[in-house]
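The sequence shown begins at 0 in numbering that gives the first Met the number 0 and counts up one residue at a time.
Backbone N, C-alpha and C fix where the C-beta goes; we use that ideal spot for every residue, glycine too.
Model, not experiment: these values are computed from the prediction.
Taking it in order: structure first as structure tokens, then the write-up.
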Amino acid sequence: MKTPARPPSSPNERQRHLTQFADLGLTASILEMLAAERYTMPTPIQAQAIPHVLAGRDLLGIAQTGTGKTAAFALPILHRLDAQRRPAPRRGCRVLVLAPTRELASQIDDAVRTYGRGIGVSSTVVFGGVGATPQIRKMANGVDVLVATPGRLLDHMQQGNIRLDGVEVIVLDEVDRMLDMGFILPVRRIVAAHPRTARRFCFLRPCRPIFESLPPTFWTTLWKWR
Ligand code: AMP
0 MKTPARPPSS PNERQRHLTQ FADLGLTASI LEMLAAERYT MPTPIQAQAI PHVLAGRDLL
60 GIAQTGTGKT AAFALPILHR LDAQRRPAPR RGCRVLVLAP TRELASQIDD AVRTYGRGIG
120 VSSTVVFGGV GATPQIRKMA NGVDVLVATP GRLLDHMQQG NIRLDGVEVI VLDEVDRMLD
180 MGFILPVRRI VAAHPRTARR FCFLRPCRPI FESLPPTFWT TLWKWR
């Protein structure tokens, strides 16, 4: 005999039953882009994270690359930029995404450009090991989404090329890897420079805890995803 499906009992369980992007509350232009990209179903992290982020909460996600975590933070960010249109501050950005390596930073920038197509969102990426001048030029008029590695971003901050006081959302992707790579000082300074009112999304790879490494105030407001 077949057991009838049990109705979902907890909020997390109910979210797992939301299997269509249309159920998540994203804007029409984002839904059109997802259909064009042939993204039919949200991955588990997307189904759980997107409604929480759209509800204005911070996010702490524990996820490997390949789980769809980039879209889990990029889609609600693009939703916000689409719904609350305003110019990016000069020499500033509305959204800052920190990533440990130039490869990951470039992938995130590519994803934001792809997902943001049709919304008119500007995105740029800055990392070390290449000339700073083109990066300064791209940031000069302000950019909606800035994706950066911590060391080069701190250099730009110290030289007055970028300021973070207009940041509305900060994302730390693979923050444990940033700390493993010795970026603790830049990460601390960058975290200290963004406004307290900004939404904070933080992703860790499933590995040892790093909760002691950042100021307690950074963690206390974060919604624990898992
Ligand atoms: P990520 O974990 O963010 O690196 O994503 C891994 C890959 O999955 C990327 O190539 C994404 O384009 C793809 N992807 C993310 N979300 C979805 C989805 N809901 N449906 C299909 N592909 C997806």
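Note to self: Taking the alpha-carbon of Gly24 as reference, which of Leu163, Ala82, Ala35, Leu95 has the nearest alpha-carbon?
What the structure shows: Ala82
Next item on the list: Within its chain, find whatever has a CB closer than 6 Å to the CB of Gly117; leave out the 5 residues flanking it on each side and keep chain order.
Entry: Ser28, Met32
Next item on the list: Could you work out which residue in Gly127, Ala70, Ala21, Arg90 is closest to Asp109 when comparing CA atoms only?
Entry: Ranking Gly127, Ala70, Ala21, Arg90 by CA distance to the CA of Asp109 puts Ala70 first.
Next item on the list: Identify whether Met0 lies in helix, strand or coil by the three-state DSSP scheme.
Entry: In this prediction, Met0 has a pLDDT of 40, which is less than 50 and means its spatial position is unreliable; nothing more can be read from the coordinates.
Check: Below 8 Å between beta carbons: does that hold for Cys201 and Leu59?
Finding: yes
Notebook entry, point to check: Within the chosen definition, does the region 188 to 204 reach the region 142 to 161 through at least 3 CB pairs nearer than 8 Å?
Noted result: Taking a cut-off of 8 Å on C-beta distances, the region 188 to 204 touches the region 142 to 161, as three or more cross pairs fall below it.
Note to self: Strictly by DSSP, which residues pair up with Thr123?
What the structure shows: DSSP lists Leu145 as the beta-bridge partner residues of Thr123.
Note to self: Suppose you measure from the CA of Asp179 to the CA of Gln63; what does that come to, to the nearest Å?
What the structure shows: 16 Å
Next item on the list: Can you give me the Cβ contacts of Thr66 inside the same chain, cut-off strictly under 7 Å, excluding the 5 residues immediately before and after it?
Entry: Thr42, Ile44
Check: Can you tell which of Asp175, Tyr38, Gly141 has the C-alpha that lies nearest to the C-alpha of Cys93?
Finding: Note on identity: in this sequence residue 93 is Arg, with Cys being the wrong assignment. The residue with the shortest Cα to Cα distance from Arg93 is Gly141.
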